[in-house]
Every structure is written in C-alpha cells, then in structure tokens.
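Scroll down for the structure; my scribbles are underneath it.
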Amino acid sequence: MINIYTTDANKKLKELKNLQKECWIDLINPSLEEIKEISNKTNTDLDLLTKLLDDEELPRIEIGDNATLIVVDTPYVTDTNYKHKYNTDPLGLIINNDGYFITISPKEQTLFNDFKNNKVREFNIKKRTKFVIQILLKTASVYQRELKAINEYINEKEKTLHKSTNNKRLIELLNVEKTLVYFSTSLKANDVVLEKLAKGNVLTMYEDDTDLLEDAMIENKQAIEMANIYREILTSMTDTYATIISNNLNDVMKFLAGITIVFSIPTMVASFIGMNVPLGKIGTSSLSFILIIAFSFVLSIIIAIILKKKNML
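Residues in the sequence shown are numbered from 5 upward in steps of one, following this note's numbering.
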C-alpha cells in the first residue's frame, strides 16, 4: 500500500494522490510492483527498497548513490491471545536527494498516528532530518510505553502466582520475558544507529536537530535500562514461582495422600469385619453396626491427628 503526504502552509499534514517534491511516501507491506514504481518515480535505488521486504533486516545506516537508508526496529503485537506478546519489525527511513522522504515497513506503524493526526510539535515534512529524528524519538517513546505496560502486567501477575498450581500463568510470563529479549536486542541495535547519526556524518544537522537527537538518545537509553531491569526481575520471578508452583502441587498431592490414608481406615475395618470369622458378642449384638462405625470413625480421627502433627495433612 502506498500513502503520500505533504504539509500545507499551516504545517498540517494532508494526503496527496500523486507524487510531488518534498513529500512523504509511506509504503506499508508494498508489493514488488509498488516498490518498482516508487523507485522509478523518485530515482531511488531499487535495492534499498527491496531490502526492507525482509522481516529480519537489522538496524543500520546505508548510503546509496541518490539516497540514504536508515533502518530501526519497532515493536508489534504477534499474538492477540496473549497480553504483551511482541516481536520487532524493521522500519526503513529513506532520505532521497531529490527531495522525497520514504518510509517502508512490513506492517502498519502505529507510531505514525501522531504524525498523521498532527499531534507532533514542529512537524514539517520539508525538514527531513528533523522528521527522521522525530520518528526515532517517537520509536523510543513507544518502547517505553509498552515497557511500562509490561511492568504493570508483571506486578498484576505476581499477585496471582502465589496460589497458582498450574503452568498457564508461568507460560504467560515466559512470553513476556521473550518480548523483553526482543525489545532489549532491538533497542541496543537502534542505539548504534543513533550514535552514528550523532557523529554528523550521515545527515546535515542543525542546532535544533542536535538537541532533538540527544533527547532521542536519552529516551532510547532509558528504554534499554527499563527492558534490562524488567527482564532481570521477570527472570528472577519466574524462577522463584516455578518453584512455588511445584511446592503448591506437592502440598496438594501430600494432602490428597493423607486424605486417602484416613478414608482407607473404614474400608480396612469393614474388610476385616466382613471375613467369615466369629466376632463373639459384637457379632450377636444389635448395636454391632453402630459399634463398628464408631470404631472406624475414632480410628480415622486418631490417624488424621497423627498425620496433622507430622505436617502430612
């Protein structure tokens, strides 16, 4: 899919039907034909565009003959059946020397919503270097937002794990731990891209751009620290609660074993009494049934007390 935007005189984003200089071309999971069309119309190296069709493309900076490619990783939800189960996808930012700005990604980027809804201050497509840095800053902010939500989810699950005896809750946390691994790896790779941009050899930087880039670097480093901290907490918590779940299950099995022993007493007494042996006066008494039941009950109580004292019930 191809979307084309520009900013008007009031610095508001508006959508275009045709290409024009100093516009933003947003490619979302484009077909090869769409990529060839944009490549021809913008004089952009086709190889730069086709590389972004690979979901495993790594964050980096590549300078071509007529354009500069900047690749960063952005988060996306992989399974809506589980909360906070994320992976990361590459987002390509191409600054064309003929005045075009191209973004390309395998999936629609939610981080562009603020740009498209005119919620980003001082946003102007014509200021392409600033636009790149604003996207990088927004990317770091998206990571931080998701990491905060993950931390709240971890705290919520911590309250339910104390009494858990199944692996479902633990598997949910393992999915979150996997997400944190993806986040940590991608954020570190994005940090390398930011460091290269900070050297000033890739894009022409102005004073405002430098300050904004420093903010993006700070936000990204904070996101890295958050991901690492939450990952360590989650790793420790899952190890601890794996043991707790095992202990809870052992307690249940121990209780069931104790109950089985207690309830086996009346069965044993009834089996002995049911043998073809003389029972003396008990066998001829009209209260024999009540006496046997009472004896079984008392014996069961005694066994239960013994098991309780041994912490087996």
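Backbone N, C-alpha and C define an ideal beta-carbon position, used for all residues, glycine too.
Find out if the Cβ-Cβ distance for the pair residue i, residue j is shorter than 8 Å.
{"i": "T143", "j": "T72", "result": "no"}
{"i": "A227", "j": "L151", "result": "yes"}
{"i": "Y186", "j": "T92", "result": "yes"}
{"i": "V266", "j": "F299", "result": "no"}
When we look at the beta-carbon of residue i and count the other beta-carbons within 10 Å, is it buried (16 or more) or exposed?
{"i": "S240", "result": "exposed"}
{"i": "L295", "result": "exposed"}
{"i": "F116", "result": "buried"}
{"i": "F105", "result": "buried"}
{"i": "R235", "result": "buried"}
{"i": "T264", "result": "exposed"}
{"i": "I99", "result": "buried"}
Helix, strand or coil: how does DSSP classify residue i here?
{"i": "Y9", "result": "strand"}
{"i": "I206", "result": "Contrary to the premise, residue 206 reads as Val rather than Ile in this sequence. Coil."}
{"i": "G96", "result": "strand"}
{"i": "L20", "result": "strand"}
{"i": "Y90", "result": "strand"}
{"i": "P79", "result": "strand"}
{"i": "R64", "result": "strand"}
{"i": "T107", "result": "strand"}
{"i": "L73", "result": "strand"}
Sort the options by Cα distance to residue i and report the nearest one.
{"i": "I137", "options": "E160, V75, P34 and S109", "result": "V75"}
{"i": "I3", "options": "Y245, T46, N232 and T10", "result": "What the structure shows of the chain is the stretch from 5 to 317, and residue 3 is not part of that stretch, so it cannot be assessed."}
{"i": "D102", "options": "T48, Q148 and V81", "result": "T48"}
{"i": "V180", "options": "F301, E218, T242 and L97", "result": "T242"}
{"i": "L198", "options": "M221, S275 and D212", "result": "M221"}
{"i": "I175", "options": "K87, A13 and A231", "result": "K87"}
{"i": "N254", "options": "R173, N315, G204 and S292", "result": "N315"}
Roughly how far, in whole angstroms, is the beta-carbon of residue i from the beta-carbon of residue j, given that I think they are within contact range, below 8 Å?
{"i": "L53", "j": "I32", "result": "Contact doesn't hold; Cβ gap of about 13 Å is too wide."}
{"i": "N7", "j": "E19", "result": "7 Å"}
{"i": "Q148", "j": "E223", "result": "7 Å"}
{"i": "I139", "j": "L97", "result": "6 Å"}
{"i": "I158", "j": "I237", "result": "7 Å"}
Taking 7 Å as the cut-off, does the CB of residue i come closer than this to any heavy atom belonging to the ligand NAD?
{"i": "I137", "result": "In the structure on display, the ligand NAD does not appear, and there are no ligands present to speak of."}
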